[in-house]
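What follows is one structure encoded as C-alpha cells, with my remarks underneath.
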Amino acid sequence: DTVRIGITQNNVGIDSYQTTYERAFIAAAEANPDVEVIVLDAGGDVARQISQMQDLIQQQVDAIIIWPTDGQALVPAVRNAHNAGIPVVVTNSNIAEAGMDFIAAFSGPNNIQQGIYSAEMMCDALGGEGQIVQITGMPGYTTAIERQQGFDERLAEMCPDVTQLDIQPGDWNRERAQRTMETFLTRFDTIDGVYSGDDNMGVGALNAAIDAGRAEGMVFIGATNFAVGYDAMARGEYWGSVYQSPVDDAEAALQTALDVLAGEDVPKLNYFDTPKITQENMDEFDRPVF
Amino acid sequence: MLLNRLKAGGPAIAKQGILVAFILFMIVFSFMSDRFLTPDNIMSVFRQSAIIGVMALGVTIVVIGGNLDLSVGSMLSFATVLVVDLHDKVGPELAIPIMVLATLCLGAINGFLIGILRLNSLIVTLGMLSAIQGLVLIYSGGQNVDIVDQRGTWFAIFGRGSVLGIAAPIIIFGLLAILFHVIMTTTPFGRKVYAVGGNPTASVFSGIPRSRIVFTTYLISALCVAVAAIILGSRVMGSQNNVGQGYELQVLAAVILGGTSLLGGAGSILKTVLGVLMLAFIQNGLILMGQPYYTQWLVTWVVIIVAVWLDVAAKRGRLFSPIA
Amino acid sequence: MRNPIWGFVLLVFIFFSLMSDHFFDYRNFQNILVQTSTIGLIALGMTLVMINGNIDLSVGATLALAAAFAVDVQSWAMFATWGNWQILPAVCLALLVGLLMGAINGFIVWKTGVDAFIVTLGAMLGIRGLVFVYTGESSFYAMNFAYSDFSALSVGPLPVLAVIFLVCTLIVHLVLSRTVHGRNTYAVGGNREAAVNAGIRVGPHMMVNFMIIGFLAALSGVLLSTQMGAATPNLGRDYELWVITAVVLGGTKLTGGKGDIIGTLGGVLAIGILRNGMNLMQVPAFYVYVILGSILIAVLFLDKRFNRTEDGGLRL
Amino acid sequence: MNEKLEPALRLKGIVKTFPGVRALDGVDFEVMPGEVHALLGENGAGKSTLMKVLAGMYQPDEGQIIIAGQPVRMTTPIEAKAQGVVLIHQELSLVPEMSAAENIYLGELPLKSFGRVDWTTLYERSNAILERLNCNFRGEVTVVNLSIANQQMVEIARALTVDARVVVFDEPTASLTDAEKVVLFEIINDLKARGVGIVYISHRMDEIFTLSDRITVLRDGSYRGTLTTADTNEDEVTRLMIGRSLDLSRDTATPTLGETVLEVRNLTCAPLYRDISFSVRAGEVVGFYGLVGAGRTEIAETLFGLRSADSGEILIDGEKVQIGSPPDAIALGISLVPENRKEQGLVLSMNCRDNMTLPQVQNLASGPFVSSSAENEIFDKYREKLEIKTPSWRQTVRVLSGGNQQKIVIGKWLSMQPRVLIVDEPTRGIDVGSKSEIHALLRALAAQGYAVIVISSEMPEVLRVSDRIVAMYNGRIMREFTADLVTEDSLVQAISGIKATEVA
Ligand SMILES: Nc1ncnc2c1ncn2[C@@H]1O[C@H](COP(=O)(O)OP(=O)(O)OP(=O)(O)O)[C@@H](O)[C@H]1O
Ligand SMILES: Nc1ncnc2c1ncn2[C@@H]1O[C@H](COP(=O)(O)OP(=O)(O)OP(=O)(O)O)[C@@H](O)[C@H]1O
Ligand SMILES: [Mg+2]
Ligand SMILES: [Mg+2]
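Here's what the structure looks like:
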C-alpha cells in the first residue's frame, strides 16, 4: 500500500537549487506508485516551518522530510514529530546536535566539508600565499554559517600565509555581491582571491572585477556550482567550485525516508558526494541545469 | 536675519535640513576612511545607487501624490527576470519593449486599484508585492535566468557602458532625476500631483482629474522600475527571482531621508537623490572602514532619524516637537 | 457582526472544511490558534498604535531581540543554580527589552515629531542590527527542554499559547474600550489637535502605546522561542507587514481614530486560516503568494463596497 | 463699569510673532467678571492668536497674563483650564469617531478603579449639560453623525464642564441656525449672570450689539481701543476697525439683464432635493436662502459635476448639457466657490499663488512649463482686488487667517472668468470690511454680465446682493422673490416651510 510522506522545504524560489530540488523530488515521488507526497514551503520563515510541521503531524503522515530553515529552532518541532511516532528525515542542511536523537536520519551535503574543499582549492590556486576576501550568504542562515566556518578553519590551518582582508555578506544575491566586491576593490589595492558562498555571488564578484579591469590573475572560488559559474569556468575566468546536484540531493532524501519506513538500518548521517570542480576536471561533470 | 530666515520655513530653508545632514555625514565619514572621498569611490557609489535611485524617483512622485508603493521590489524582480529571460529568446531589441509594457501593466493595475477604485495604497501595494513575487516564480518556474552571451550583447551598455568616463547607470539616473525634477517643479502635471497629494478633495473641487493623476503616478513608478530593471539586468547579466526583495523598504527609506512627507503634497526629487546617495554612502563607507555589516543597520537607524529630525526641525523652526 | 472580516473568516472556514479532509478537526483548530498567536499578539499592540494614528514597523526585529534574550539569559552563569527557575529572569528580561525598544520608539516620536513610520522604519533596521550584534549572527538554543515543553502544555482543551493569546486579547480589548487610556487612544488618533487642546498629554500617551506594542512583540517572541527552544537572528522578518495587513483587514483605519480588537482578531484569524488551509490543500508555494496577495486586495475592495459612506454620494 | 471690581483676566502688552508676521503687537485687554467683552477686528487682525495666547496654546514673546490679580504663565491648555479659562475654538476641535459625551469631557473623563471610564457619570453629566443647551440629541451619539451646528453645540458644551472664570467664544455662530443662536445667547447670558467673564469674537455686528457690554478693537495686531457698547454705534466701531466708514446701502441701479444663461428644470436628487427649477440670466444675482440643511449646497454640487441628479435637465444658453465632472463644468464656464474652504477650497500645504491658479494651471503653460509670470500676474491682480493680506505669494495658505483664506478661494474662481459663478456661503467668517467688498464685487461681476448664484444663510447678505431670491426649505423651492418685493417676514416664513398660499 502507499505511504504518505510530507516535506517542508526551506525557501523554494529563493534560488534555482531549491526549485530544481523540489522538481526532482516530485518527479521521483511520481515515478514511485507507492508514494504520495505533501510538498510544503516555509518561505525561509522558521515560525511558518514550525506550523507546517504541526500541520503535517496533525495529518498523521507516515514520514516527514524537513529542510530546516534553522538547525536549532526546529529541534522541538522535530521532537514533537518523533514523540508522535512519525520518523523525521532531515535533508540538505542538518539539525542541531540536540535534535539528533529525534531524527531517523540526515541526508544531504556536508556544508562544512564544502567550505573545507573551497579553502583547499584557494590554497592550491594561490600557492599558499596572498590576500583574499570572502563574500558570504544571507547572514544567520545555517548553510552560510557552515560554509564560512569550514572555509575559515581550514584556510587558517592549511595556509596561514593567506590573509583574509574582510568578510561581508552578499545575501545569496548576485547584484548585492557585485556591489560588495566593488567596494572591496576600492578599498584594497591588492586582492588575489575571492571566496563566495555560492557561484551566483561568485559570478557577481567576477563581474565587478572585470568591470574594474582587475580580474586578470584574481582567483575566484565558489560553492554550489551554478550554470553561470560552470560557463565562467569554461571561459577560464573562474577557478573552481563545489559540485552539488539538487537532483541527487532530492532523490537521496526520498530514498532515505523510504528506507526508514521499510525498516532498514539507515546510518544517521548520509552525506552524498559533493566533489571539487575546477577548470581542469570540469569535463567530467555535466553543465548544471540551474 | 539669518535666524529669521531659518524660522521663515519657506521652501529654501526646508531644503537645508536634509542638506545639512548630508554634509555633516560626509564630513564625519571622510575622516574615518581616506578612500571615502576619492573620485573613484564616489563614482562607484553613484553607479551602485543608480538602481535604487531610479526606483526612488518614481516612488517619490507616488508619495508626493499622497500614496505609497511597496510593490516596487517585487516589480523589479519581475521586470529583471522578464528582460533577461526574453533577451536570449527574442533578442534585446524586442525584450526591452515587451518588458516595459508588461511592467507598465502592473503599474496600471496599481493605478487602477488605488487611483480609480480608491483602495488604500499601503495594503494594495503590499498585496501586489506578494502577488507579483508569485507571478515571477510561476513565470520562471523558480529558476534563475541568465544571459548566455554575456560579452557579445549590446544590452551590456546600460549597466556597464560609459560615456566620457561616466558610467551609463549614472547618466541614466542623472538624466531621469533632472527630467523628473523639471516635471515636478515646472509643469502643470507636477503641480497637480502636489495638489492631489496635499488635499485630494480640494483638488477635485478645482477641476483636477484626481483619479487620472494618481493613476499616472503609478505608471511613472512602474516605468522607473522598468528602467532600473534594464540597468540591473545589464549589470548582472542574469537575474534571480527575488533580486528586488527588500528593495521597497530601501527605496522608501531613501525617499523619506529626502524629506518627502508620507502625508503627501510635499517633497522633492532632488532631495530624494540626496537620500539615495546618503544610504549608498553609508553602506559603502562602513565596508571601507571594515565594519561588520550589521553596523550598517545601526548607523542607518541613527542617520535616518537624525536627518529627518533635522529636516522637520528646520521646517517648523524649532528642534523639539511641540507635542505635549 | 457589523465587521465584514468575520463574514470572510466564516467563508474561508466553510470553504476549507469542504475542501480538505484534515481541516475540520479539533486538533487543527488548536494548531490554528497557536499559529495565529504569534502575529496575533503583535496585532493587538498594532491596533492601539494604529488607532493612535501611528504605525510600528520595528516589531519583527523587537520580537527577534526578545527571543534572543529569553533563550540566552537562561544560560547565564549567575542563574546556573536556579534549575528551571532560570527561565523566569530570562523571560522577564526579554519582556523588559521589548518595553524598552517600544519606549525608545515612542520617545523619539514624541520628542522629535518625526513621523512614526519613519522612526520605526529606522528602528526596524537598527534593532535587527542589535540582534546580530547580540547573537553574533548565530542561533541560540535552550539547554533546558523544560523551556520548549512549556509550549506543549494545555489548559483544558486549549494549548497554553492559545490561552495566553486569548487572555491578552481580552485584556487589550477591555483596555481599549473601557479605560481612559483606551478612549484617549481614539481621541489622539481621531483628531490630534483636539486631543492636545483638551489637555491630553499626547506625547507620553503615544509612548505608552509604543511600550505596549513593544511588550506584546517581546511576549510573542518569547512564546515563539518556546516553540523552537531556540532563537534565530532572522526571526520575525516581514512580520510587520503581515501584522499591519491583519489589523487593516480587521477594519482599523491607517489614518487612525477608528478600529477595534474584535476586528483585529478576525483579521488575524483570516490570515491564519488561509495559511493553514492552503498548507492542508497543498497549494504550490508560488501560487500561495498570488492567492494571499489577491485575497488581501479583494477583501479591501469588498470592505470598501460595503462601507462606502465617507463621501456622502459626492463624486470625488 | 464698576471701577472697584478686579478684572477676571487682564492681558498686558502681549507681543506674538510668527515667521514674517507680527501677529500681536503690544495688545492690552481685560475682561471683568459678568461682562461680555466683544473682540473685533478684520481678518488676520490677531483675534484668534490673542485668544490662543490666553488659553495657553501659544507662548507670548512679551507681555503678561494676569488672572485674579496674579501674573500667571500657562504653557498648556490644561493649565489654562485649571485657571478657569476655557476657549471655544473657531475651528471645530472634536474627535469625529467618539461620542458627544466623550468629546465634552475629552481629556478629563470621569474615572473608576483601574483607570476605567465611569460611563454612568459621564453620560449623566453630559446629558445634563446638553439639556441645558436645549440640544435635541444625547451624549451617546457619535459626533460624526451630528450636523455641523450640533457639533458646534458640543464644542460649546465644553465650556459648561468646569467652573469657568472666563469663557472665550471664537466665532461660535458661524455655522449655527437662528434657533440655535438664541439658545447660545441664553447660555451666554446665564454665564454672565453667574459672574463669568465672556470674550466674544464675531464678525456679525448685530450680535455684537445685542450681546456685548464693551468692545475692544484690534487692527493689524495692535490695540485700537475699547468702547462701551451702549455709547457707540456700528459706524464708529467700523471706522476703528478698518479706518473708514462702510457704505452699507444696496446698490439700486437696475441691472441690465441679458439672455438666460443657466436654466434648471425639475432637477431631483432624492432625498437631498426634489423638483428644482430656476433660471439665471446674464447680469443677474440670484440668492438662495434657507436654513442649513435645506439642500442648496447639493444643488450647487450637482451643477458643478460633483453629484449626479436622478432626473431633470440643466441648460446652458438654452442647450441641454451633461455635466459629469468639474472639468465639464469649468469648460461650460461654471465656477463654484465651495462652502468648506479648508476641506474643499484649499490645498493648505501649497502657497497662495499656486492655490489661486490651480484650476487653470494647465492653460497657463508656456511650452510644457507653467508660466510663472502669468501666474504672478493673476495672483497680484486678485490680491489687490480682494485686498488679501499675505507677506508674499510664497506663504503657505495654512497660516493665513480664515478670512484671507476665503479670499484666496474667491480669487481662484474669479480668475477663471466664469459665465456662471456659484458662491456658497461666501462670507462665512469674513470681516465686515471685506464682506462689503465681496458683496460689491459680486454686484460688479453681475454688472459685467456674469450670472451669479449666491447661497447664504445670512438674510442681510441675500437681501443686499440679490436681484432675485429663491427660498428653500427641506430640499424644495418654496418661493421666488424679486428684490423689490421681498420682505424679511415673507422670507422667514418661506424658509420655515410655510407655503406662499398660506401666507397670502
Ligand atoms: N501659526 C502661524 N504661523 C504664521 N502666521 C500665523 C500663524 N497663525 C496665525 N498667523 C498670522 O497671524 C495673523 C493673525 O491671525 P489670526 O488667526 O489671529 O486672525 P483673526 O483675527 O482670528 O482672523 P479671522 O477673523 O479671519 O479669524 C494672520 O496674519 C495670520 O496669517
Ligand atoms: N432627507 C435627508 N436625509 C438624509 N440627510 C439629509 C436629508 N436632508 C438633509 N440631509 C443632510 O443635510 C445635509 C445638507 O446640508 P447642507 O449644509 O449641505 O445644506 P445647505 O442647504 O446647502 O446648507 P448650507 O449651504 O447653508 O450649509 C446633507 O449633507 C445631508 O447629510
Ligand atoms: Mg480667527
Ligand atoms: Mg451646505
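Going down the list, the protein sequences come from chains A, B, C and D.
Counting from 1 along the first sequence, just add 29 to a position and that's the residue number in my numbering.
Counting from 1 along the second sequence, just add 5 to a position and that's the residue number in my numbering.
Reminder that position 274 of the third sequence reads as 273 in my numbering, one-by-one numbering, no gaps.
Counting from 1 along the fourth sequence, just add 61 to a position and that's the residue number in my numbering.
Each residue gets a CB set at the ideal place from its N, CA and C atoms; glycine is no exception.
Check                                                                                                                                                                          : Outcome
Examine chain B for any beta-carbon lying closer than 7 Å to the beta-carbon of D:P420, and answer yes or no.                                                                  : yes
For D:P132, which of helix, strand or coil comes out of DSSP?                                                                                                                  : strand
Determine the extent of the beta strand (DSSP E) in which D:S517 is found, giving its start and end residues.                                                                  : 512-517
Applying the criterion that 16 or more other CB atoms from any shown protein chain within 10 Å of the CB defines a buried residue, is D:E400 buried or exposed?                : buried
Can you tell me where the alpha helix (DSSP H) holding B:A61 begins and where it ends?                                                                                         : 44-69
Can you give me the Cβ contacts of D:V564 inside the same chain, cut-off strictly under 7 Å, excluding the 5 residues immediately before and after it?                         : Because D:V564 carries a pLDDT of 44, less than 50, the predicted location of this residue cannot be relied on, and the following value inherits that uncertainty. For D:V564, where only same-chain residues beyond five positions count, the Cβ hits under 7 Å are S551, Q554.
Is it right to say B:S76 is buried, meaning 16 or more other beta carbons lie within 10 angstroms of its own, or is it exposed?                                                : buried
Between the region 237-251 of chain C and the region 156-171 of chain C, are three or more C-beta pairs nearer than 8 Å?                                                       : no
Identify the residues that DSSP records as bridge partners of C:I50: which are they?                                                                                           : None; C:I50 has no bridge partner.
Just to make sure I have the definition right: I need the residues of chain D whose C-beta is within less than 9 Å of the C-beta of B:S208. Which are they?                    : V408, L419
Is it buried or exposed, C:M18, if we count other Cβ atoms within 10 angstroms and call 16 or more buried?                                                                     : exposed
Going by alpha carbons, who is nearest to C:V166 out of C:A217, C:L43, C:N196?                                                                                                 : C:L43
Residue range of the alpha helix (DSSP H) that B:C229 falls in?                                                                                                                : 215-241
Using 7 Å as the limit for Cβ to Cβ distance, is C:H180 near chain D?                                                                                                          : yes
For ligand 1, is there a heavy atom less than 6 Å away from the beta-carbon of D:F90?                                                                                          : no
Checking the sheet assignment: what are the DSSP bridge partners for C:T80?                                                                                                    : According to DSSP, C:T80 bridges with nothing at all.
Report yes if the CB atom of A:Q81 is closer than 7 Å to the CB atom of C:N278, and no otherwise.                                                                              : yes
Are there 16 or more other CB atoms within 10 angstroms of the CB of B:M37, so buried, or fewer, so exposed?                                                                   : exposed
Within 7 Å of any Cβ in chain B, is that where the Cβ of C:M0 sits?                                                                                                            : Because the pLDDT of C:M0 is 46, which lies under 50, any placement of that residue in the model is unreliable, and the number read from its coordinates should be weighed accordingly. So, not an interface residue.
With 9 Å as the limit, tell me which residues of the region 91-121 of chain A have their beta carbon closer than that to any beta carbon of chain B; keep them in chain order. : none
Please confirm if D:I337 has its CB atom under 7 Å from at least one CB of chain C.                                                                                            : no
Assuming D:A218 and D:I190 form a contact by the criterion Cβ under 8 Å, report the distance between their Cβ atoms to the nearest whole angstrom.                             : 5 Å
The alpha helix (DSSP H) spanning B:I188 covers which residue range?                                                                                                           : 173-191
May I have the straight-line CA-CA distance separating A:P97 from C:A67, to the nearest angstrom?                                                                              : 19 Å
Could you tell me the alpha carbon to alpha carbon distance between B:V311 and B:L262, rounded to whole angstroms?                                                             : 10 Å
What are the residues of the region 135-152 of chain C that lie near chain B, defined by any Cβ-Cβ distance shorter than 7 Å?                                                  : none
Would you identify the three-state DSSP class for D:I276, choosing helix, strand or coil?                                                                                      : strand
Considering just the uninterrupted stretch of the beta strand (DSSP E) at C:V162, what are its terminal residues?                                                              : Careful: C:V162 lies outside any beta strand (DSSP E), inside the alpha helix (DSSP H) at 159-177.
Note down, in chain order, all residues in the region 88-117 of chain B with a beta-carbon under 9 Å from any beta-carbon belonging to chain D.                                : none
Jot down the residue ranges of each uninterrupted alpha helix (DSSP H) in the region 181-262 of chain A, minimum 4 residues, whole runs only, in chain order.                  : 203-216, 228-240
DSSP has C:M45 in a bridge; who is on the other side?                                                                                                                          : DSSP, once it has assigned bridges, lists no residue as partnering C:M45.
Give me the chain C residues within the contact set of D:L155, using Cβ-Cβ distance strictly less than 8 Å, ordered along the chain.                                           : N190, A193
If I measure Cβ to Cβ from A:P116 and keep anything under 6 Å in the same chain, skipping five residues before and after, which residues do I get?                             : A92, A133, V289
Can you name the residues of chain C whose CB is closer than 8 Å to the CB of B:L257?                                                                                          : L120
Could you pull the start and end residues of the alpha helix (DSSP H) that D:N327 belongs to?                                                                                  : Here D:N327 belongs to no alpha helix (DSSP H); instead the beta strand (DSSP E) covers 321-330.
Let me know if D:M417 comes out buried or exposed under the rule of 16 or more other beta-carbons within 10 Å of its beta-carbon.                                              : buried
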